[in-house]
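Here the structure comes first, spelled out in structure tokens, and everything after it is commentary.
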Amino acid sequence: MSESVHDAAPPGRPVRLVPTPPGFWRLVLGVCTATFAPLFGFLVGSITGSPEAGTEMNAQYWGLFVGFVLGGLGLGLAFFGGRRLWFHYRPRDTEERVP
3 MSESVHDAAP
13 PGRPVRLVPT
23 PPGFWRLVLG
33 VCTATFAPLF
43 GFLVGSITGS
53 PEAGTEMNAQ
63 YWGLFVGFVL
73 GGLGLGLAFF
83 GGRRLWFHYR
93 PRDTEERVP
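What follows is the structure in structure tokens.
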């Protein structure tokens, strides 16, 4: 018999998968971490709380501090991902300039 309906190519234009450029996912992960880490640190610190009301460094401060440290690491990750992405798209000079 002839070709079945399932073996024929579907109508329309062909799908061309393009990989993401290097540094893209590092940039996205760094921005998300830098954005949400202080918020989650504050949330975790608020949930745990301290047993005494008069303590100087209660859990809320420590949670926010850890959130800011993780947010700073996220900013560093986003910076290096953006740098890698920038140099991927930046045109390179193929000829060397001789003075």
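Position in the sequence shown counted from 1, then plus 2, gives you the numbering used here.
We put the CB at the ideal spot given by N, CA and C, even for glycine.
Own chain residues within Cβ distance below 7 Å of LEU117, not counting five before or after: Limits of the chain in this structure are 3 at one end and 101 at the other, which puts residue 117 out of reach.
- request: Could you tell me the boundaries of the alpha helix (DSSP H) in which ARG28 lies?
  value: 26-50
- prompt: Would the beta-carbon of GLY43 fall within 8 Å of that of PHE70?
  reply: yes
message: Just to confirm, is the Cβ distance from ARG92 to GLY25 under 8 Å?
response: no
query: Whose CA, out of ALA61, PHE38, PRO40, lies closest to the CA of ILE49?
result: ALA61
query: Out of THR37, GLY65, TRP64, which has the shortest C-alpha to C-alpha gap to GLY74?
result: THR37
- prompt: When the Cα atoms are used, what is the spatial distance from PHE89 to GLY83?
  reply: 10 Å
Of the residues TRP64, GLY76, VAL20, GLY14, the one placed nearest VAL46, counting alpha carbons only: TRP64
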